[in-house]
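Participant: Residue numbers (the numbering used here), protein chains in the order written: chain A, 11 to 462; chain B, 11 to 462.
Glycine included, every Cβ here is placed at the ideal spot set by N, Cα and C.
Before we start, here is the structure in question, set down as structure tokens.
2 protein chains.
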Amino acid sequence: MPDFSKIDAYLEKNMDGSIAELSKLVAQPSISAQGIGLKECAAMVADMLRARGFTAEIMDTEGAPVVFGERKGKSDKTLLFYNHYDVQPPEPLELWDTPPFEPSLREGKLYGRGVSDDKSHITSRLFAIDALLDADGELPCNVKFIVEGEEETSSVHLHDFIRANKEKLKADACIWEFGGVDHREVPMQYLGLRGICYVELSVERLSADVHSGLGGSIFENAAWRLVWALSTLKGPDEKIRIPGFYDDVRQPTQRDREMMDALPDVADEYKKRYGVKKFIKELTGGTDLKMEEVFVPTCTICGLTSGYQGPGSKTVLPAKASAKVDFRLVPDQKPEDIVRKLRAHLDAQGFEDVAINFLGGEPAARTDPDDPFVRTVVETSEEIYEFAMEIVPMIGGSGPNYPFVHDLGLPVATAGLGHPDTRAHAPNENIRLDLYLKHARHMARLLKKFAE
Amino acid sequence: MPDFSKIDAYLEKNMDGSIAELSKLVAQPSISAQGIGLKECAAMVADMLRARGFTAEIMDTEGAPVVFGERKGKSDKTLLFYNHYDVQPPEPLELWDTPPFEPSLREGKLYGRGVSDDKSHITSRLFAIDALLDADGELPCNVKFIVEGEEETSSVHLHDFIRANKEKLKADACIWEFGGVDHREVPMQYLGLRGICYVELSVERLSADVHSGLGGSIFENAAWRLVWALSTLKGPDEKIRIPGFYDDVRQPTQRDREMMDALPDVADEYKKRYGVKKFIKELTGGTDLKMEEVFVPTCTICGLTSGYQGPGSKTVLPAKASAKVDFRLVPDQKPEDIVRKLRAHLDAQGFEDVAINFLGGEPAARTDPDDPFVRTVVETSEEIYEFAMEIVPMIGGSGPNYPFVHDLGLPVATAGLGHPDTRAHAPNENIRLDLYLKHARHMARLLKKFAE
Chain A
11 MPDFSKIDAY LEKNMDGSIA ELSKLVAQPS ISAQGIGLKE CAAMVADMLR
61 ARGFTAEIMD TEGAPVVFGE RKGKSDKTLL FYNHYDVQPP EPLELWDTPP
111 FEPSLREGKL YGRGVSDDKS HITSRLFAID ALLDADGELP CNVKFIVEGE
161 EETSSVHLHD FIRANKEKLK ADACIWEFGG VDHREVPMQY LGLRGICYVE
211 LSVERLSADV HSGLGGSIFE NAAWRLVWAL STLKGPDEKI RIPGFYDDVR
261 QPTQRDREMM DALPDVADEY KKRYGVKKFI KELTGGTDLK MEEVFVPTCT
311 ICGLTSGYQG PGSKTVLPAK ASAKVDFRLV PDQKPEDIVR KLRAHLDAQG
361 FEDVAINFLG GEPAARTDPD DPFVRTVVET SEEIYEFAME IVPMIGGSGP
411 NYPFVHDLGL PVATAGLGHP DTRAHAPNEN IRLDLYLKHA RHMARLLKKF
461 AE
Chain B
11 MPDFSKIDAY LEKNMDGSIA ELSKLVAQPS ISAQGIGLKE CAAMVADMLR
61 ARGFTAEIMD TEGAPVVFGE RKGKSDKTLL FYNHYDVQPP EPLELWDTPP
111 FEPSLREGKL YGRGVSDDKS HITSRLFAID ALLDADGELP CNVKFIVEGE
161 EETSSVHLHD FIRANKEKLK ADACIWEFGG VDHREVPMQY LGLRGICYVE
211 LSVERLSADV HSGLGGSIFE NAAWRLVWAL STLKGPDEKI RIPGFYDDVR
261 QPTQRDREMM DALPDVADEY KKRYGVKKFI KELTGGTDLK MEEVFVPTCT
311 ICGLTSGYQG PGSKTVLPAK ASAKVDFRLV PDQKPEDIVR KLRAHLDAQG
361 FEDVAINFLG GEPAARTDPD DPFVRTVVET SEEIYEFAME IVPMIGGSGP
411 NYPFVHDLGL PVATAGLGHP DTRAHAPNEN IRLDLYLKHA RHMARLLKKF
461 AE
């Protein structure tokens, strides 16, 4: 094992500077769903790469630009880091203790929108590179960064970008944008992501809202049309009723179930953390709950909007209504196929008036748990964390790992600094500084070991 | 017929002053649903009454104050005017051509929130009184005004107020807050109002919104719970599925149908005005459509809100969801009974988690079309309008006429200055100045004739 004392000392000593760099990045809003601050944030990331001697390009797509950076190292091997500079919308603003784009440090945590997802992962990895360059004057292997700006809006243009830039992105392995410890402080290795198909369903039946005393009796009501259409998608039994929806579902294997079985129970943790009153489908915990969380596709209403939503009563028949709906997919479901089946289903049910706006999607993808790269990531974490890294074959969230796994042919492993109360996508998003330092130490070790 | 030339001349000459008084009243926001400006507006109305020699009291209720004014006249008979000083919320603001609380005069119309519903009705009636006082130095009969501040939020406290003040409100007849001409310029006499039962349904299943990749698989979704609960209330056949909902419905009589039959067809007018694509229940027009509009109770979703509603996608499982729902009632349905049946139905369907907040209601009530007071109102309109007033036995809208008809025992007739494009409850609410003058002329004649 090489000596990391110099590297660790550098990281301990320079934490304040790295957190300052992170704070500057968080203070730059970069909300892909709302098209806010994306170019500015991409330019900041490119500058940060160049400051480490990387070549950095800001590459246009049909959406937000992608930042690509590269620096050669000692060995021929190439590690690709996938990150994103965009963040979720900060709403509801009133639930933040401090403003989302004014990073705030308190009790060992840094708060701000995007601080965990995903800006700290960018800066902590650059921090590890700083330490390696300080110690050795060069990197142990080639390092590439691909930092996109549409991860929070389903990475709509990334798949095409990757297919068009396969040579440039050529690598031997990939470290994913996120990772972290669970509630026991055990670092987790997530080896698969569900796919996603995100749509907005909308109905418009009148030219303007009408007094409900008139319109309520004889005009079609957009809100009712939407409610009725939605109620045909899924019933209280949680079964999705779109014909053919489950056709391509590949069932988890016995090995998947064994891996899930080895992981701790999550029921009490979720009940406490999210105020869960009960789980769906009469689930109470154990492996069944864990399996349901990741190996079953979903249909989630993420938002509803129609008519009057203020205090008290307003007697109005809404002209328009819409819903945001997110399907989480498992192998081998495909988002385009789901949209097609959804359209056919709505038409068959008499809801030709319900428009579908496809807001993005990607299929699920998984990495083999026995890949040597996965082992390297696990082993290099050992002297950093209190507990050994545990392998999770698949998680419930989504991300664009499909083109990395299937187009670039890379093993994709996760490592990161998230923690169970990190509040990604929610108010008071935060990171723990102790985990920030640990992740930088882990990445420095990984780069050395991987280079061998 | 007495000579009205002096009165008409006064009204012609003093229009600008009366419109200025109206504009001042409209510029004072008084949004009952949001609790904005109610006391200020009540004080303005009381001052306007006092300026005509009325006693005026601002009487507290558990909600917005009621303004009561009275002035004795020559005969012993007493006419009661019912009006309201509150207005609907102005949202959506972006659809107004000029700001809702900055009255704007263009092309013979005055625009502003509440200008039609109901502030112009207050000032045009006071304008008629000004003309009578100018001509005769006294009023032909006793006149009372009751001007409430919660009409737009279902007059929650008015029924109790009327029962507690029956002696004070004693009168021989009542002129209702609204009225007007239809699209043919025919003045309409509306003799019945549907009842209303307005509720907010809400669901909360988690302590905060959760990432949909996690929560969507295993947590209860408040938006889904709400959609499923709503879908049990009414289906695409428009039949309300709450057991017992139709039990107390009194069917319209043959005479009702004949009166509706005599009224013009509304189908083309509605299609044009509101962009209606098709009517519900395969209705196409004629008497069936007109009957459906007023003699059938409804269940209307007025608003839906849950989770993320901004642009693009946000992958979140909403912790809360709510809907505003308005039931229009016909004789002899009672709002409290409907709430009780709704609760029982939701419980029976497994939606104990859907909370009901009763935001107000009142039963339907009707006045006999053969009442002599109705005849007086119709006859005194004859020399003002191009066409004879037509009788509508019942309309689709609601108002608190029940305590006037059933507690005070009054015939309640309508007369007013609305027109089909008046946009009550919608952006760009407006009145036509020609109809404002006509209504004042009508009311001056009515007071004289009624006094005999």
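Assign isoleucine 29/A to one of three DSSP states: helix, strand, or coil.
Facilitator: helix
Participant: I'd like to know whether the C-beta of phenylalanine 397/B is nearer than 8 Å to at least one C-beta of chain A.
Facilitator: no
Participant: Please classify phenylalanine 383/A: does DSSP put it in a helix, a strand, or coil?
Facilitator: helix
Participant: What residue does the beta strand (DSSP E) around threonine 263/B start on, and which one ends it?
Facilitator: It is not in any beta strand (DSSP E) - threonine 263/B carries neither H nor E in the DSSP assignment.
Participant: Starting from the C-beta of arginine 60/B, find all residues in its chain whose C-beta is less than 7 Å away, skip the five residues before and the five after it, and write them out in chain order.
Facilitator: Ala66
Participant: If you draw a straight line from the alpha carbon of lysine 34/B to that of aspartate 96/B, how long is it in whole angstroms?
Facilitator: 14 Å
Participant: DSSP has isoleucine 250/A in a bridge; who is on the other side?
Facilitator: Lys244/A
Participant: Give the DSSP-derived three-state secondary structure of methionine 58/A in the structure shown.
Facilitator: helix
Participant: At 9 Å on the CB atoms, spell out the chain B contacts of isoleucine 4/A, in chain order.
Facilitator: Lying outside 11 to 462, the shown extent of chain A, residue 4/A is not represented and no answer is given.
Participant: Under three-state DSSP, which class holds valine 77/A?
Facilitator: strand
Participant: Against chain B, which members of the segment 307-319 of chain A pass a CB distance test of less than 7 Å?
Facilitator: Against chain B - using a Cβ distance shorter than 7 Å - the residues of the segment 307-319 of chain A are Thr308, Thr310, Ile311, Cys312, Gly313, Leu314, Thr315, Ser316, Gly317, Tyr318, Gln319.
Participant: What are the residues in the segment 422-438 of chain B lying within 8 Å of chain A by C-beta distance?
Facilitator: Correct list: Ala434, His435, Ala436, Pro437.
Participant: Go ahead and pull the three-state DSSP assignment for glycine 406/B.
Facilitator: Strand, per DSSP.
Participant: By how many angstroms is the C-alpha of glutamate 112/B removed from the C-alpha of alanine 37/B?
Facilitator: Distance between the alpha carbons of alanine 37/B and glutamate 112/B: 6 Å.
Participant: Can you find a CB in chain C that lies within less than 8 Å of the CB of alanine 375/A?
Facilitator: Within the model displayed, chain C is absent; protein chains A and B are what it includes.
Participant: Give every residue of the same chain whose Cβ lies closer than 8 Å to the Cβ of threonine 242/A, excluding the five residues on either side of it in the sequence, and list them in chain order.
Facilitator: Arg251, His355, Leu356, Gln359, Phe361
Participant: Which ranges would you report for the beta strand (DSSP E) in the segment 156-237 of chain B if only whole runs of at least 3 residues count?
Facilitator: 183-185, 197-200, 202-214
Participant: Output the boundary residues of the beta strand (DSSP E) element that contains phenylalanine 91/A.
Facilitator: 88-94
Participant: For chain B, check one thing: does any of its Cβ atoms lie closer than 8 Å to the Cβ of alanine 454/A?
Facilitator: no
Participant: Just how far apart, CA to CA, sit phenylalanine 397/B and alanine 272/B?
Facilitator: 15 Å
Participant: Distance check for isoleucine 172/B and isoleucine 156/B, CA to CA, integer angstroms please.
Facilitator: 10 Å
Participant: How far does the alpha helix (DSSP H) with tyrosine 121/B in it extend, from its first residue to its last?
Facilitator: Element bounds for tyrosine 121/B: not the alpha helix (DSSP H) but the beta strand (DSSP E), 119-121.
Participant: Quick check on this structure: which residue in Ser217/B, Leu240/B, Ala239/B, Val237/B has the alpha carbon closest to the alpha carbon of phenylalanine 229/B?
Facilitator: Ser217/B
Participant: Can you find a CB in chain B that lies within less than 8 Å of the CB of alanine 218/A?
Facilitator: yes
Participant: Sort out for me which residues DSSP pairs valine 97/B with in a bridge.
Facilitator: Ile41/B
Participant: Quick one: is glutamine 44/B near chain A, going by C-beta distance under 8 Å?
Facilitator: yes
Participant: So that I know if they touch, is there some Cβ in chain B lying closer than 8 Å to that of glutamate 101/A?
Facilitator: yes
Participant: With a cut-off of 8 Å on the beta carbons, I'd call asparagine 93/B and isoleucine 132/B a contact; round off their distance for me.
Facilitator: That belief holds up - the Cβ atoms of asparagine 93/B and isoleucine 132/B are roughly 5 Å apart, short of 8 Å.
Participant: Which one of Pro321/A, Pro345/A, Arg376/A has the shortest CA to CA distance from leucine 369/B?
Facilitator: Pro321/A
Participant: Where does isoleucine 132/A sit, in a helix, a strand or coil, going by DSSP?
Facilitator: Here isoleucine 132/A sits in helix by DSSP.
Participant: Alpha carbons only, please: which of Asp182/B, Pro150/B, Leu105/B, Asp170/B is nearest the one belonging to leucine 89/B?
Facilitator: Asp182/B
Participant: With three or more C-beta pairs closer than 8 Å as the rule, is the segment 429-447 of chain B touching the segment 285-302 of chain B?
Facilitator: At 8 Å Cβ cutoff, the stretches do not touch.
Participant: Using the beta-carbon of each residue, which ones in chain B are nearer than 7 Å to valine 415/A?
Facilitator: Under the 7 Å cutoff, chain B gives no residues; its nearest Cβ is about 18 Å from valine 415/A.
Participant: For serine 126/B, would you say it is in contact with chain A, using Cβ-to-Cβ distances shorter than 8 Å as the test?
Facilitator: Residue contact check for serine 126/B against chain A: no CB pair falls below 8 Å.
Participant: For glycine 295/B, go through chain A and note every residue whose CB falls closer than 7 Å to its CB, in chain order.
Facilitator: Proximity of chain A to glycine 295/B at the Cβ level (cut-off 7 Å) is not reached, the minimal Cβ distance being about 10 Å.
Participant: Give the residues from the segment 88-99 of chain A that approach chain B closer than 8 Å (Cβ to any Cβ), ordered along the chain.
Facilitator: Gln98, Pro99
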